[in-house]
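Following: one structure in structure tokens, then a few remarks.
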Amino acid sequence: MRIRPAEEAELPLLQDIERAAGEPFRALGMAAIADDEPPSLAELDRHRRDGHAWVATDDAARIAAYLICDAVDGAAHVEQVSVHPCAARRGVGRALIGHLAQRAPAEGLTALTLTTFSEVPWNAPYYARLGFHVLAESELTPGLRGIRRAEARHGLDRWPRVCMRREL
Numbered sequence: 096m097r098i099r100p101a102e103e104a105e106l107p108l109l110q111d112i113e114r115a116a117g118e119p120f121r122a123l124g125m126a127a128i129a130d131d132e133p134p135s136l137a138e139l140d141r142h143r144r145d146g147h148a149w150v151a152t153d154d155a156a157r158i159a160a161y162l163i164c165d166a167v168d169g170a171a172h173v174e175q176v177s178v179h180p181c182a183a184r185r186g187v188g189r190a191l192i193g194h195l196a197q198r199a200p201a202e203g204l205t206a207l208t209l210t211t212f213s214e215v216p217w218n219a220p221y222y223a224r225l226g227f228h229v230l231a232e233s234e235l236t237p238g239l240r241g242i243r244r245a246e247a248r249h250g251l252d253r254w255p256r257v258c259m260r261r262e263l
């Protein structure tokens, strides 16, 4: 896999990856997650212009996964990391997270954070294997609290969610 910045013309492909990556949620009774719209082209382009959107490509230069992030309270907050099911279980997500972990300190960021479903095997348990730990409510920063409020308004709290952090 090669990791590189996302290009503007590729943004619709990222939406396709997001849709495909959502499909496995159906088997867990989470059809609403599978049916949720991916980030808009405008949102993806904002991340791209900010230098916070990367893709992982295979040997044939096909995009297999992507990651977008924002700086939130001194940490690189993973807004989305999605791997196409055809490329799952090959270390692609791990590589994207590792790429972000290497780049974040250059922007003065000291940790990685994310929010995720606590009981979905490829969510919180996966991130724990990558060195993230669940934050207690008292450990949430103002930015993370705002993200969680927005997620709740979007209906994501129908299933248990957590905030996680990995120090760099």
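Quick note, in my numbering, the sequence shown goes up one by one and the last residue is 263.
Idealized CB from N, CA, C, for every residue including glycine.
- Distance between residue 240 and residue 174, taken at the CA atoms: about 14 Å.
- Annotation: residue 207 to residue 233 spans about 18 Å, alpha carbon to alpha carbon.
- Judged by beta-carbon spacing, residue 162 lies beyond the 8 Å limit of residue 139, meaning their Cβ atoms are not closer than that value.
- Around the beta carbon of residue 224, a 10 Å sphere encloses fewer than 16 other beta carbons of the protein chains shown; the residue is thus reported as exposed.
- Each of 165, 123, 106 was checked against the Cα of residue 137, and the nearest Cα belongs to 106.
- Counting only runs that start and end inside the region 183-251, the beta strand (DSSP E) elements of at least 3 residues fall at 206-212.
- For the set 231, 134, 153, the Cα lying nearest the Cα of residue 176 is the one of 134.
- Residue burial is scored here from C-beta neighbours: residue 193 has fewer than 16 other C-beta atoms within 10 angstroms and is therefore classed as exposed.
- Residue environment analysis places residue 260 among the buried positions, since at least 16 neighbouring C-beta atoms fall within 10 angstroms of its C-beta.
- Annotation: residue 262 to residue 150 spans about 23 Å, alpha carbon to alpha carbon.
- According to the DSSP assignment, residue 129 belongs to the alpha helix (DSSP H) that extends over 126-130.
- Secondary structure at residue 113: helix, using DSSP grouped into helix, strand and coil.
- In the three-state scheme derived from DSSP, where H, G and I count as helix and E and B as strand, residue 140 is classed as helix.
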